[in-house]
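Participant: Letter by letter, the sequence shown follows residues 10 to 220 in our numbering.
Each residue gets a CB set at the ideal place from its N, CA and C atoms; glycine is no exception.
This is the structure I have questions about; it appears just below.
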Amino acid sequence: MESKIEATHRLQIDGRWDEAAAAKDREKDRLIESGMTRRQASPLAWEWMIENFPPMSAADKAWRESMALIGIERFSSDVLISDDVAGYSINDYWWVLRYLVARDICAQRNDADADIEIEERLLNEWTTKDQAVLATLAVANLSHFIHVCEARVETSMLMLIDTDGSSGLEIDALAHFCDTLQPMRARLEAFQAENSRDLAMSGKYRELFAA
Numbered sequence: 010m011e012s013k014i015e016a017t018h019r020l021q022i023d024g025r026w027d028e029a030a031a032a033k034d035r036e037k038d039r040l041i042e043s044g045m046t047r048r049q050a051s052p053l054a055w056e057w058m059i060e061n062f063p064p065m066s067a068a069d070k071a072w073r074e075s076m077a078l079i080g081i082e083r084f085s086s087d088v089l090i091s092d093d094v095a096g097y098s099i100n101d102y103w104w105v106l107r108y109l110v111a112r113d114i115c116a117q118r119n120d121a122d123a124d125i126e127i128e129e130r131l132l133n134e135w136t137t138k139d140q141a142v143l144a145t146l147a148v149a150n151l152s153h154f155i156h157v158c159e160a161r162v163e164t165s166m167l168m169l170i171d172t173d174g175s176s177g178l179e180i181d182a183l184a185h186f187c188d189t190l191q192p193m194r195a196r197l198e199a200f201q202a203e204n205s206r207d208l209a210m211s212g213k214y215r216e217l218f219a220a
């Protein structure tokens, strides 16, 4: 098991120390309430924290970092949450886009295994039929999804700009992706093409190339 110093350092690097320390303190309080002394509870609370906040995988780190880049988790402006002509809301597109941002992080780190894990999550973690359809499109035809998403993002941004009292945070998030979607698409497609050849030659993830 990690030492306290090692665990603290790791969690600080991962940006999870505050969350983990708060959880540890709650566990310590629980143990004390159950009848333990503080001296008895403290080491057990540390062990609990280390067990419940294990090292993050590369995919987990990319997913966590994607939130800072995506800027906002969900839109709430009335002018945005209605469906477009294809029947999808901006939040449906945004949900898929966060996974693509995480995959882009993996691509920039040249981590094919983490990229595959994020793609699998994208295809399996949807909660609505619309998310499932857009997730499948993003995997099957990334270029087309980016094209459609880019149009929706740009339209949504213009709608917010023209609406009094719109959220600056939402406008900033959309504006950021108006400029970055195409470069992200190019990086992801190049990375996927390169690693598809490498994986096919190595025989790893053979089921991906069965066709």
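What does the alpha-carbon distance come out to for the pair A141 and V148?
Facilitator: Approximately 11 Å between the Cα atoms of the pair.
Participant: Using a threshold of 9 Å, state whether the C-beta atoms of K37 and A50 are closer than that.
Facilitator: yes
Participant: For E216, which three-state DSSP category applies?
Facilitator: With a pLDDT of 44 at E216, under the threshold of 50, the predicted position of this residue should be treated as unreliable, though the coordinate-derived value follows. Three-state result, E216: helix.
Participant: Could you check whether the segment 31-46 touches the segment 64-77, counting it as contact only if at least three pairs of C-beta atoms, one from each stretch, sit closer than 8 Å?
Facilitator: no
Participant: Within the same chain, show all residues whose beta-carbon is closer than 6 Å to that of V105, passing over the 5 residues directly before and after it, in chain order.
Facilitator: L143, A144, A147
Participant: Would you identify the three-state DSSP class for Y97, choosing helix, strand or coil?
Facilitator: coil
Participant: Could you spell out the range, first to last residue, of the alpha helix (DSSP H) harbouring I14?
Facilitator: 13-23
Participant: How long is the line joining the alpha carbons of I127 and Q191, rounded to whole angstroms?
Facilitator: 20 Å
Participant: Starting from N61, follow the alpha helix (DSSP H) in both directions and report where the run begins and ends.
Facilitator: 47-61
Participant: Would you call M210 buried or exposed, if buried means 16 or more other Cβ atoms sit within 10 Å of its Cβ?
Facilitator: Because the pLDDT of M210 is 49, which lies under 50, any placement of that residue in the model is unreliable, and the number read from its coordinates should be weighed accordingly. Here M210 is exposed: its Cβ has fewer than 16 other Cβ atoms, across all protein chains shown, within 10 Å.
Participant: Please look up how many angstroms separate the CB atoms of L169 and V88, rounded, as I've assumed it's under 8 Å.
Facilitator: 7 Å
Participant: Could you tell me if D124 is buried or exposed, where buried requires 16 or more neighbouring beta carbons within 10 angstroms of its beta carbon?
Facilitator: buried
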